[in-house]
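There are 2 protein chains.
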Amino acid sequence: MSSAAVWGPSAAPYHREGQHLSITVVGSIAFDAVKTPFGERERMLGGAAVHFALAASFFERVRVVGPVGDDFAEPELAVLEEHAIDTDDIERVPGGKTFFWRGEYGWDLNTRETLDTQLNVFEHFEPKLSPESRASEVLFLANIQPDLQRRVREQCPQARFVAMDSMNLWIETARDSLLQTIAGVDCLILNDAELRELTAKPNLVQAAREIFSWGPPGPAAIAAKQGEYGAALLTPDGFFGLPAFPLEAVVDPTGAGDSFAGGFVGYLAARREELDAAGGELPGDLLRRAMAYGTALASFNVEEFGTERVARLTAEEIFARVGELSEMTRFSDVRVPLRR
Amino acid sequence: MSSAAVWGPSAAPYHREGQHLSITVVGSIAFDAVKTPFGERERMLGGAAVHFALAASFFERVRVVGPVGDDFAEPELAVLEEHAIDTDDIERVPGGKTFFWRGEYGWDLNTRETLDTQLNVFEHFEPKLSPESRASEVLFLANIQPDLQRRVREQCPQARFVAMDSMNLWIETARDSLLQTIAGVDCLILNDAELRELTAKPNLVQAAREIFSWGPPGPAAIAAKQGEYGAALLTPDGFFGLPAFPLEAVVDPTGAGDSFAGGFVGYLAARREELDAAGGELPGDLLRRAMAYGTALASFNVEEFGTERVARLTAEEIFARVGELSEMTRFSDVRVPLRR
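Here you go:
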């Protein structure tokens with residue numbers, strides 16, 4: 000897998016906090032009510048930006064942009080701040096209620112039904128980034144309405160690496176806007192079914208080729224999330240596939256995709272020296288390692304409800320799991336004499 | 000991944016044909032009518048035993064056991080014999096008609112509908128193996144009624160490695176018999192959905208643990224076929240995951256699972272010296288390489304209709320694809336300093 004041209008020139012000096020480059024994420028901050036075959040929770044901290052931020056916070060300082068209501072209080076803030084996540088750009092809407100999602104998963108956790116979605120403070124959300132968040136060199140646009148994603152993107156002219164997620168709702172109801180947003184990012188992170196729906200192509204290879212044909216500008220790398228099967232990375236001339244980490248018990252898949260994105264983007268940001276050395280390219284080997292870290296973070300996410308597992312995760316656990324993933328995917332290529 | 004105890008003692012001397020150990024396969028020999036988004040065929044050579052035999056024939060001599068009708072004639076036989084497949088145990092049923100299957104695939108080829116199944120000569124099939132087929136040390140029980148699978152197994156007391164496939168029909172209608180058959184094999188090769196259905200467990204890790212708990216005797220390795228996502232190998236203490244080879248165009252998935260089994264079992268049989276050296280164990284590294292060869296053969300199978308692609312495949316193409324698979328799954332594990 001060769002490199003993909005992405006990592007733009009630095010608008011130097013880096014905006015760093017201490018030793019760390021900051022990552023800005025915009026997306027939902029939510030209360031989730033979730034029922035799975037293994038139990039249920041009536042109200043837990045959730046939302047794409049939260050799951051992303053917790054996962055990415057192991058690698059770099061993360062700034063969360065998004066609205067919350069009066070019901071978002073100290074205990075929720077504490078989870079983020081304990082992980083040194085910057086909450087200055089979390090907008091408190093007086094009299095508002097935090098975004099709420101209720102869902103239920105089927106027995107093998109491969110299907111889920113949304114029982115209730117209350118946009119609440121998201122209905123009139125207009126992202127306003129602080130100078131610090133605008134100065135981030137790495138940006139993740141979690142799954143929100145694509146106009147909003149673009150307005151955040153435009154506020155971050157210094158961003159050198161921008162990744163995004165989306166969902167079937169926007170593919171179906173805001174396709175033109177979504178395509179504009181996609182044209183402004185370096186990496187698209189979507190479920191494989193969404194990639195097929197977005198492109199009307201029956202398989203990943205064709206779907207990725209279609210998306211690359213829309214540019215430039217546009218993504219130079221596509222990460223296809225495949226749920227329990229793992230994830231694949233497609234670049235204009237390369238493919239990398241990685242199975243999900245095998246777990247005896249998947250308790251709650253909510254947020255797995257955002258934790259994947261957090262590990263993936265976080266790892267890339269943490270290897271900025273490698274990005275700089277590659278001179279405007281995204282090295283294929285770096286992307287693969289980022290996939291492994293994303294996969295590891297996603298696997299921890301699903302081991303318990305909501306943010307519970309990732310919130311108490313340690314560096315050693317992450318390293319150990321990436322090491323296991325590496326072991327579980329390795330094979331030697333010993334030929335045998337074939338008969339013809 | 001450590002070894003799994005499977006490869007039994009040799010009933011020496013090996014039954015070899017020339018330089019090659021023979022593999023016996025029992026299963027359907029069929030005419031298939033298939034419609035996919037890329038075209039259709041009204042009548043083509045198919046059946047699990049045929050797809051398996053063509054794939055495995057690159058590695059060892061294969062003996063096919065199964066019934067055909069008067070309509071199975073020289074052109075069909077020729078495809079097998081050109082690949083040095085032994086057809087002596089193909090039973091011609093006078094006045095009978097060959098097994099027939101008609102199916103249609105959905106746009107992304109992940110769903111298929113069976114439109115017609117005519118058992119024909121299979122309805123009263125009673126496998127009778129020749130002394131040569133009985134003497135095979137490697138046996139594959141393709142997807143047929145589990146009583147029949149067992150009757151073949153019992154005729155091959157010298158078999159040192161036995162693998163099997165099955166399907167949802169037998170899980171639902173002949174479960175007790177199927178469990179008895181499973182207890183007599185070394186390796187179970189099933190779709191992941193079938194593994195879940197068989198065990199009523201929601202994920203692969205739990206499903207495999209359940210199956211291992213039924214033994215001994217029973218399988219020491221389980222290959223879970225995951226369609227477009229690839230395949231996973233589970234042993235009592237190990238896991239290996241391999242993505243499918245990414246293809247721009249999947250034309251016809253029919254027989255992919257049997258081609259996978261043919262590459263997998265064929266590679267193992269061809270490495271009999273390695274099996275012997277392991278002293279009654281199935282080395283994990285050997286199983287992984289077998290998975291890669293199975294994955295490569297399956298990927299060729301789906302590139303064209305029926306047996307068309309595998310029938311003209313070359314050793315160099317197989318080696319090249321396994322090499323590409325190895326490249327597409329490799330990643331280095333470079334750590335970054337984490338923040339906590």
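Line by line, the protein sequences are chains A and B. Numbering that gives the first Met the number 0 numbers the first residue of the first sequence as 0 and each following residue consecutively. Numbering that gives the first Met the number 0 numbers the first residue of the second sequence as 0 and each following residue consecutively. Ideal placement from N, C-alpha and C gives every residue a C-beta, glycine not left out. As the structure is a prediction and not an experimental result, all values here were calculated from the model.
Which bits of chain B does residue i rub up against, with CB to CB less than 9 Å?
i, result
"A:Trp-213", "Going along chain B, no residue has its Cβ under 9 Å from A:Trp-213, so there is no contact; the nearest lies around 18 Å."
"A:Arg-270", "Val-333, Val-335"
Output yes if chain A places a C-beta closer than 8 Å to the C-beta of residue i; else output no.
i, result
"B:Gly-346", "Any question about residue 346 of chain B goes unanswered here, given that chain B covers just 0 to 339."
"B:Met-327", "yes"
"B:Pro-218", "no"
"B:Pro-282", "no"
"B:Val-249", "yes"
"B:Ala-295", "no"
"B:Leu-246", "yes"
"B:Ile-317", "yes"
"B:Arg-159", "no"
"B:Gln-154", "no"
"B:Arg-288", "yes"
"B:Ala-54", "no"
"B:Ala-276", "no"
Do you know how far the Cα of residue j is from the Cα of residue i?
i, j, result
"B:Tyr-292", "B:His-50", "14 Å"
"B:Ala-162", "B:Pro-66", "20 Å"
"B:Lys-96", "B:Arg-60", "27 Å"
"B:Gly-102", "B:Gln-205", "32 Å"
"A:Ala-182", "A:Pro-218", "7 Å"
"B:Glu-75", "B:Phe-304", "15 Å"
"A:Ala-134", "A:Pro-156", "8 Å"
"B:Phe-330", "A:Phe-330", "12 Å"
"A:Asn-300", "B:Glu-280", "36 Å"
"A:Arg-195", "A:Tyr-228", "16 Å"
"A:Leu-147", "A:Ala-310", "28 Å"
"A:Phe-99", "A:Asn-119", "8 Å"
"A:Gly-68", "A:Asp-31", "14 Å"
"B:Leu-53", "A:Arg-150", "57 Å"
"A:Thr-172", "A:Leu-197", "11 Å"
"B:Asp-251", "B:Ser-298", "10 Å"
"A:Gly-283", "A:Thr-23", "24 Å"
"B:Met-340", "A:Phe-238", "Residue 340 of chain B is absent from the structure shown; chain B starts at 0 and stops at 339."
From the DSSP output, read off the bridge partner residues of residue i.
i, result
"A:Ala-32", "A:Arg-101"
"B:Gly-65", "B:Ile-89"
"A:Ala-220", "A:Cys-186"
"A:Gly-229", "Paired residues: none, contrary to the question."
"B:Phe-121", "Per DSSP, none; premise fails for B:Phe-121."
"A:Phe-160", "A:Val-137"
"A:Ser-21", "A:Arg-60"
"B:Gly-237", "B:Thr-234"
"B:Asp-346", "Summary: the structure shown does not reach residue 346 of chain B, with chain B confined to residues 0 through 339, and so no result is reported for it."
"B:Met-340", "Here chain B comprises residues numbered 0 to 339, so residue 340 of chain B is not present and cannot be evaluated."
"B:Gly-38", "B:Thr-35"
Against residue i, what residues of chain B qualify as contacts under a CB-to-CB distance less than 7 Å, listed in chain order?
i, result
"A:Asp-236", "Result: empty, since nearest Cβ-Cβ is about 12 Å, beyond 7 Å."
"A:Val-321", "Asp-332"
Measure from the C-beta of residue i to each C-beta in chain B and report whether the shortest distance is under 8 Å.
i, result
"A:Ser-258", "no"
"A:Asp-332", "yes"
"A:Asp-66", "The sequence given here has Pro at residue 66 of chain A, not Asp. Output row for A:Pro-66: interface = no."
"A:Gln-179", "no"
"A:Gln-205", "yes"
"A:Ala-162", "no"
"A:Gln-225", "yes"
Output, in chain order, the set of chain A residues within a Cβ distance shorter than 9 Å of residue i.
i, result
"B:Gly-229", "Tyr-228, Gly-229, Gly-240, Pro-242"
"B:Pro-36", "Pro-201"
Cβ closer than 8 Å: which chain B residues qualify as neighbours of residue i?
i, result
"A:Asp-107", "Arg-195, Pro-201, Asn-202"
"A:Phe-57", "Leu-337, Arg-338, Arg-339"
"A:Ala-222", "Those do not exist, as A:Ala-222 stays about 13 Å from chain B at its closest Cβ, beyond 8 Å."
For residue i, which residues in chain A fall below 8 Å Cβ to Cβ?
i, result
"B:Ala-291", "Phe-330, Asp-332"
"B:Pro-252", "Within chain A, no residue comes near B:Pro-252; the closest Cβ sits about 11 Å away, beyond 8 Å."
In chain A, which residues lie with their C-beta within 7 Å of the C-beta of residue i?
i, result
"B:Ala-314", "Leu-337, Arg-339"
Give a yes or no on whether the minimum CB-CB distance between residue i and chain E is below 8 Å.
i, result
"B:Ala-310", "Absence of chain E from the displayed structure is noted, the protein chains being A and B."
Legend entry - Segment contact flag, the stretch 98-116 of chain B with the stretch 126-133 of chain B, C-beta cutoff 8 Å, min 3 pairs: no
Legend entry - Touching by the beta-carbon criterion (3+ pairs, under 8 Å), the stretch 211-230 of chain A and the stretch 173-192 of chain A: yes
Inset, instruction - Flag this pair as touching only if the stretch 307-323 of chain B and the stretch 33-48 of chain A have three or more C-beta atom pairs under 8 Å; answer yes or no. - result: no
Inset, instruction - Evaluate the contact criterion for the stretch 293-312 of chain A versus the stretch 21-41 of chain A: three or more CB pairs, one atom per stretch, below 8 Å. - result: yes
Inset, instruction - Tell me, please, whether the stretch 241-251 of chain B touches the stretch 267-275 of chain B by the rule of three or more beta-carbon pairs shorter than 8 Å. - result: no
Inset, instruction - Decide if the stretch 306-317 of chain B is in contact with the stretch 220-236 of chain B; the criterion is three or more beta carbon pairs, one per stretch, under 8 Å apart. - result: no
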